[in-house]
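Novice:
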Ligand SMILES: [Zn+2]
Ligand SMILES: [Zn+2]
């Protein structure tokens with residue numbers, strides 16, 4: 199398990215530590231990014247967990263999130279038109 203500031207990553211995120219100690223902002227969406235070991239820059243999910251590198255969006259309902267595992271359908275409306283919006287790029 200990866201660590202963040204000496205704290206196991208899962209604990210850090212569950213306690214909201216990571217969301218207070220994000221390390222960069224995304225050039226594209228200005229949202230916080232956290233470096234994931236072996237994963238590179240990752241967005242946070244809307245729950246504050248370590249998400250995926252790509253921000254995803256649904257054109258049908260406007261849903262946006264960065265799930266760690268990209269869904270085949272929008273988790274909000276079920277539309278299959280969910281797609282990657284952009285990959286995380288730190289500034
Ligand atoms: Zn972004
Ligand atoms: Zn949707």
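In my numbering, the protein residues as written are 199 to 289. Virtual Cβ for every residue (Gly too), placed ideally from N, Cα, C.
Return the bridge partner residues of residue 231 from the DSSP annotation.
Specialist: Counting from one through the chain shown, the residue named residue 231 turns up at place 33. Beta-bridge pairing links residue 231 to 222 and 241.
Novice: Drop a sphere of 10 angstroms on the beta-carbon of residue 199, count the other beta-carbons inside from all chains shown, and report buried for 16 or more, exposed for fewer.
Specialist: Position 1 of the chain shown, counting from 1, holds the residue named residue 199. Caution is warranted here: a pLDDT of 44 is assigned to residue 199, below 50, making its placement in the model unreliable, and the coordinate value is therefore given only provisionally. Residue 199 should be labelled exposed.
Novice: Return the CA-CA distance between residue 283 and residue 276, expressed in angstroms with no decimal places.
Specialist: As a working mapping, residue 283 is identified with position 85 in the chain shown. As a working mapping, residue 276 is identified with position 78 in the chain shown. Answer to the nearest angstrom: the Cα atoms are 17 Å apart.
Novice: Sorted by chain position, which residues of the same chain lie with C-beta nearer than 6 Å to residue 225's C-beta, five sequence neighbours on each side aside?
Specialist: Start at 1 with the first residue of the chain shown, and residue 225 comes out as number 27. For residue 225, where only same-chain residues beyond five positions count, the Cβ hits under 6 Å are 287 and 289.
Novice: Using 7 Å as the cut-off, classify the Cβ of residue 235 as near or not near the heavy atoms of ligand 1, replying yes or no.
Specialist: Start at 1 with the first residue of the chain shown, and residue 235 comes out as number 37. Answer for residue 235: no, Cβ out of range of ligand 1.
Novice: Expressed to the nearest angstrom, what Euclidean distance is found between the alpha-carbon atoms of residue 238 and residue 251?
Specialist: On the chain shown, residue 238 is found 40 positions in, with the first residue counted as 1. On the chain shown, residue 251 is found 53 positions in, with the first residue counted as 1. Going by the C-alpha atoms only, they are around 7 Å apart.
Novice: For residue 279 and residue 266, what's the separation of their Cα atoms in angstroms?
Specialist: For the purposes of this step, residue 279 is identified with residue 81 of the chain shown, where counting begins at 1. For the purposes of this step, residue 266 is identified with residue 68 of the chain shown, where counting begins at 1. For residue 279 and residue 266, the distance between alpha carbons rounds to 18 Å.
Novice: So for residue 274, helix, strand or coil by DSSP?
Specialist: Taking the first residue of the chain shown as position 1, residue 274 is located at position 76. Note: residue 274 maps to coil in three-state DSSP.
Novice: Quick one: is residue 228 buried, meaning 16 or more other Cβ sit within 10 Å of its Cβ, or exposed?
Specialist: What you label residue 228 is simply residue 30 of the chain shown in a count that begins at 1. Label assigned to residue 228: exposed.
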